[in-house]
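In full-length UniProt numbering, the protein residues as written are 1 to 445.
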C-alpha cells in the first residue's frame with residue numbers, strides 16, 4: 001500500500017499544463033515538480049489519494065536528452081516551469097500541446113512548427129513585483145503567496161533590477177511599511193515596471209494601500225528620476241483587499257502619463273492600466289501571422305473582437321477597407337481610439353462593450369464582416385458570440401488564442417456550424433513556460 005514518505009522510482013511520461021511531471025504509480029497519476037518526460041526519477045511521496053499522488057524529486061536516475069542546466073537561481077519561483085528543457089524541445093512541446101487539444105475535440109488540420117525566438121531571454125516588457133514586510137520584494141512561489149526574493153530575473157528587462165533596488169532603498173530610508181496581506185496594515189503593495197522595448201522609455205508604477213506623505217513622495221521622485229530611460233513615475237492607490245494588483249486611481253508623480261512603444265512601424269501609448277502584450281518581439285510575429293491568415297486584399301470589412309488597445313485592429317487597418325474593434329474595457333477603447341489617431345488611420349472605429357452583446361447589435365444594424373479576428377481571454381469566446389458569427393458567415397475567421405483547450409472547444413463548435421478549420425500556427429510568446437499562443441484560420445464552408 002502506498003503511503004506518504006515512501007520512496008519510489010518512476011518513469012515520467014508527460015507534463016501537466018502547469019509543468020509538473022506525470023508518472024503512473026499503482027494505476028494512478030503521480031505528479032512531481034521539476035522532472036521532464038522521458039526521465040526516470042527517485043521520488044518521495046508527499047500525498048497519497050485514491051485517484052492520484054504527489055511526490056517530491058529526490059534524485060534523477062536517468063535524465064532526458066533535452067534537459068539543460070537550470071539558468072535560474074530562484075528555484076522556488078513559479079514563473080518558468082520548463083526552464084530546464086532545451087529551447088527547441090520547448091517549441092516541440094508547445095506544438096504537441098496544441099495537437100493534443102485539437103485531437104481531444106476530434107479536430108485535424110495542418111499545424112505548423114512553433115514560431116520561437118532567436119534569444120528567449122529578457123523578453124518581458126512588464127514586471128509586477130510583490131512587496132511584503134521586511135521589506136522583501138520578488139515573485140510568488142508556485143500555488144502560494146509565499147514570496148521569493150528576486151534580484152535579477154532572466155526573462156524580465158534588465159532595468160527592473162535597478163528599479164527594485166532603488167524602491168527598497170527608499171522604503172528603508174523613509175521607513176515606508178510594506179503592506180501586510182493578513183492584517184491589511186502597511187502601505188507598499190507592488191512595484192510594476194513597464195518598458196517600451198523599441199522606444200527605450202520606462203514607466204514605474206508604485207502600488208500603495210494608503211498615500212505616503214508629500215516629503216516621502218518627494219524623496220521617491222528624487223531617488224528614481226535619474227533612472228536611465230525613465231519617462232513616467234506613477235503612484236497607484238489600491239486600498240482594497242484581495243489579489244488585484246492595480247487599483248483604479250493613478251497619480252502622476254513625474255514625467256508623462258503614458259510611455260510609447262512601436263510594433264511593426266505602428267506607435268502605441270501604454271498607460272498603467274493598458275493591456276499590451278508583454279513580449280513585443282513575438283507580438284510582431286503573432287500579429288503578422290494573423291495578418292497572413294486574414295489574407296486581406298483591401299476591400300474587406302474586418303471585425304476585431306476583444307481588441308484591447310487596438311493593436312491587431314491597426315495591423316489590419318493598413319490592408320483593409322474598414323476595421324471595427326470591440327472591447328469591454330472603456331479605458332482600452334479610449335487608448336485604441338487615441339492610437340488610431342496617433343497612427344493616422346481613419347478607417348478604423350472602436351465600440352465599447354462585451355463582444356457577445358455588441359456584435360449581434362451591429363449585425364442587426366446590417367453590418368457584416370468579411371473577416372473576423374477574435375482574441376478572447378483564456379476562457380474563450382462567449383456562446384452568444386459564436387452563434388452570431390455562425391449566422392454572419394464571414395469568409396474567414398482568424399482565432400488568436402492563449403489557451404489551446406478553449407481554442408479547440410470553440411473551433412470544434414464552429415466546425416459544426418458552417419466553418420472549416422484550415423490551419424493552425426503555435427507562437428511562443430512566453431519562453432520557458434507552458435503557455436502557448438495560437439493563430440488558427442477557419443473559412444466559411
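Positions of the beta carbon are idealized from the N, C-alpha and C atoms, including for glycine.
Identity of the residues DSSP links to residue i by a beta bridge
{"i": "residue 124", "result": "156"}
{"i": "residue 415", "result": "Beta-bridge pairing links residue 415 to no other residue."}
{"i": "residue 57", "result": "43"}
{"i": "residue 406", "result": "In DSSP, residue 406 forms no bridge with anything."}
{"i": "residue 129", "result": "191"}
{"i": "residue 76", "result": "Paired residue(s): none; residue 76 is not in a bridge."}
{"i": "residue 6", "result": "In the DSSP output, where bridge partners are listed per residue, residue 6 has none listed."}
{"i": "residue 439", "result": "400 and 425"}
{"i": "residue 139", "result": "148"}
{"i": "residue 324", "result": "303 and 349"}
{"i": "residue 367", "result": "The partner list for residue 367 (beta bridge, DSSP) is empty, contrary to what the question assumes."}
{"i": "residue 29", "result": "24"}
{"i": "residue 202", "result": "195 and 230"}
{"i": "residue 178", "result": "188"}
{"i": "residue 420", "result": "443"}
{"i": "residue 11", "result": "40"}
{"i": "residue 288", "result": "Bridge partners of residue 288: none, in fact."}
For residue i, the nearest candidate out of the options (CA to CA)
{"i": "residue 305", "options": "289, 262, 321 and 360", "result": "360"}
{"i": "residue 152", "options": "194, 71, 91 and 234", "result": "71"}
{"i": "residue 209", "options": "224, 47, 221 and 190", "result": "190"}
{"i": "residue 50", "options": "56, 65 and 30", "result": "30"}
{"i": "residue 266", "options": "351, 226, 283 and 370", "result": "283"}
{"i": "residue 390", "options": "365, 445 and 59", "result": "445"}
{"i": "residue 347", "options": "123, 90 and 303", "result": "303"}
{"i": "residue 323", "options": "244, 332, 388 and 368", "result": "368"}
{"i": "residue 14", "options": "96, 6, 61 and 45", "result": "96"}
{"i": "residue 45", "options": "8, 60 and 75", "result": "8"}
{"i": "residue 100", "options": "156, 137 and 16", "result": "16"}
{"i": "residue 288", "options": "42, 126, 211 and 439", "result": "439"}
{"i": "residue 345", "options": "200, 143 and 268", "result": "268"}
{"i": "residue 175", "options": "202, 246, 295 and 135", "result": "135"}
{"i": "residue 87", "options": "225, 199, 66 and 170", "result": "66"}
{"i": "residue 220", "options": "228, 206, 229 and 231", "result": "206"}
{"i": "residue 36", "options": "257, 85, 423 and 215", "result": "85"}
{"i": "residue 365", "options": "343, 378, 388 and 177", "result": "388"}
{"i": "residue 156", "options": "120, 5 and 112", "result": "120"}
{"i": "residue 292", "options": "350, 68, 425 and 408", "result": "425"}
{"i": "residue 182", "options": "132, 211, 143 and 212", "result": "132"}
{"i": "residue 127", "options": "114, 142, 116 and 150", "result": "150"}
{"i": "residue 197", "options": "222, 122, 254 and 249", "result": "122"}
{"i": "residue 58", "options": "406, 73, 39 and 184", "result": "39"}
{"i": "residue 184", "options": "241, 354 and 64", "result": "241"}
{"i": "residue 227", "options": "247, 201 and 251", "result": "201"}
Buried/exposed call for residue i, threshold 16 Cβ in 10 Å
{"i": "residue 98", "result": "buried"}
{"i": "residue 1", "result": "exposed"}
{"i": "residue 160", "result": "buried"}
{"i": "residue 108", "result": "exposed"}
{"i": "residue 433", "result": "buried"}
{"i": "residue 428", "result": "buried"}
{"i": "residue 243", "result": "exposed"}
{"i": "residue 18", "result": "exposed"}
{"i": "residue 271", "result": "buried"}
{"i": "residue 419", "result": "buried"}
{"i": "residue 94", "result": "buried"}
{"i": "residue 124", "result": "buried"}
{"i": "residue 376", "result": "buried"}
{"i": "residue 61", "result": "exposed"}
{"i": "residue 239", "result": "exposed"}
{"i": "residue 83", "result": "buried"}
{"i": "residue 20", "result": "buried"}
{"i": "residue 404", "result": "buried"}
Cβ of residue i within 8 Å of any chain B Cβ
{"i": "residue 109", "result": "The chain labelled as chain B is not found in the depicted structure, where only one protein chain is given."}
Between the region 149-166 and the region 306-324, do three or more beta carbon pairs fall short of 8 Å?
-> no
In the region 237-283, which residue ranges form an unbroken beta strand (DSSP E) of at least 3 residues, counting only runs that do not cross its ends?
-> 249-255, 259-263 and 266-270
Decide if the region 367-387 is in contact with the region 406-418; the criterion is three or more beta carbon pairs, one per stretch, under 8 Å apart.
-> yes
Three or more beta-carbon pairs under 8 Å between the region 367-379 and the region 392-401, yes or no?
-> yes
Determine contact between the region 333-348 and the region 296-310, defined as no fewer than three beta-carbon pairs at a distance below 8 Å.
-> yes
At least three beta-carbon pairs within less than 8 Å, the region 274-283 to the region 256-266 | With a cut-off of 8 Å, the region 256-266 and the region 274-283 count as touching, because enough Cβ pairs lie within range.
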